[in-house]
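Have a look at the structure below, then the notes.
In this note's numbering, the protein residues as written are 6 to 273.
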């Protein structure tokens, strides 16, 4: 740079520098221009030095922003991925990292079993069974009830047998004995329990007989009526007229082998 030009530049720079005296601090080549206390000569000297070096390089201090991490995937973190991560820096180069994101186990609410069972089956061979199902379908059997068990087969209690016995005779029918509709008001009561009376015979002293039907089992109190009707478990019918004498008679009860089981006498 020639002399006249240099002088002109120095003057201009000096004036500019002098005006900076009233301004706030401004960084120039890393040096701060002094405030109002700085002398004009110092400002000119600084300016001359800058011009002689043929450059004025302003520099501004700044804080570098942290590297920006940009993953290249938008998939769910619950799936194992290996995304590429680019880190931008101030040198305009890119560093590439490829970390592996570990699959995360999704939190699930535990399934609570709810079992219901059918009734127990009949006891067979000392075993009884049932079926149980889980209404929640959890797929586990931790709380499942038992579906089989040992049982004792119950034996029906048999009623103690008691020998049949004649307990009462109504020998005088209601109304006129000669009328058929009154015949069934004449009867013999027999009591017994759990005895097979098939082909047993009830008779009077005149040998009027009534034969008990096959497979008849007495269970309690029964009546054998003199008239007609259909036999039941509690009422049976001679199918005859008046049998029992009003002035006295004897009733005989014999088993199928002719053995006398009971006898009932009454007076007139």
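Every residue gets a Cβ at the ideal spot worked out from N, C-alpha and C, and that includes glycine.
Take residue i and list the residues in its own chain whose beta-carbon comes closer than 6 Å to its own, dropping the five residues that flank it on each side.
{"i": "residue 223", "result": "169, 197, 200, 202"}
{"i": "residue 122", "result": "135, 137, 150"}
{"i": "residue 208", "result": "214, 257"}
Are the beta-carbon atoms of residue i and residue j separated by less than 8 Å?
{"i": "residue 187", "j": "residue 230", "result": "no"}
{"i": "residue 210", "j": "residue 255", "result": "yes"}
{"i": "residue 126", "j": "residue 138", "result": "no"}
{"i": "residue 152", "j": "residue 131", "result": "no"}
{"i": "residue 117", "j": "residue 141", "result": "yes"}
{"i": "residue 271", "j": "residue 253", "result": "yes"}
Let me know the secondary structure DSSP gives residue i once reduced to three states.
{"i": "residue 240", "result": "strand"}
{"i": "residue 271", "result": "strand"}
{"i": "residue 187", "result": "helix"}
{"i": "residue 137", "result": "strand"}
{"i": "residue 247", "result": "coil"}
{"i": "residue 192", "result": "strand"}
{"i": "residue 147", "result": "coil"}
{"i": "residue 222", "result": "strand"}
{"i": "residue 214", "result": "strand"}
{"i": "residue 142", "result": "coil"}
{"i": "residue 256", "result": "strand"}
{"i": "residue 177", "result": "coil"}
{"i": "residue 124", "result": "coil"}
{"i": "residue 198", "result": "strand"}
Considering only residues of the same chain and omitting the five flanking positions on each side of residue i, which have a CB-CB separation below 7 Å?
{"i": "residue 242", "result": "230, 232, 233, 234, 236"}
{"i": "residue 180", "result": "187"}
{"i": "residue 260", "result": "205, 266"}
{"i": "residue 216", "result": "204, 206"}
Below 8 Å on the Cβ atoms is my guess for residue i versus residue j; work out the distance and round it to an integer in Å.
{"i": "residue 4", "j": "residue 171", "result": "Nothing about residue 4 can be read from this structure; the chain reaches only from 6 to 273."}
{"i": "residue 204", "j": "residue 214", "result": "Contact flag wrong, Cβ pair sits at about 11 Å."}
Quick one: using the 10 Å Cβ neighbour count with 16 as the cut-off for buried, is residue i buried or exposed?
{"i": "residue 178", "result": "buried"}
{"i": "residue 248", "result": "buried"}
{"i": "residue 265", "result": "exposed"}
{"i": "residue 258", "result": "buried"}
{"i": "residue 29", "result": "At residue 29, the pLDDT of 43 sits below 50, so the modelled position is not reliable and the matter cannot be decided from this model."}
What residues in its chain sit with their C-beta under 8 Å from that of residue i, if we drop five residues either side in the sequence?
{"i": "residue 192", "result": "174, 175, 228, 229, 230, 231"}
{"i": "residue 124", "result": "135"}
For residue i, decide whether its Cβ has a neighbour in chain C, counting only Cβ atoms nearer than 8 Å.
{"i": "residue 264", "result": "Structure shown: chain C not included; a single protein chain is present."}
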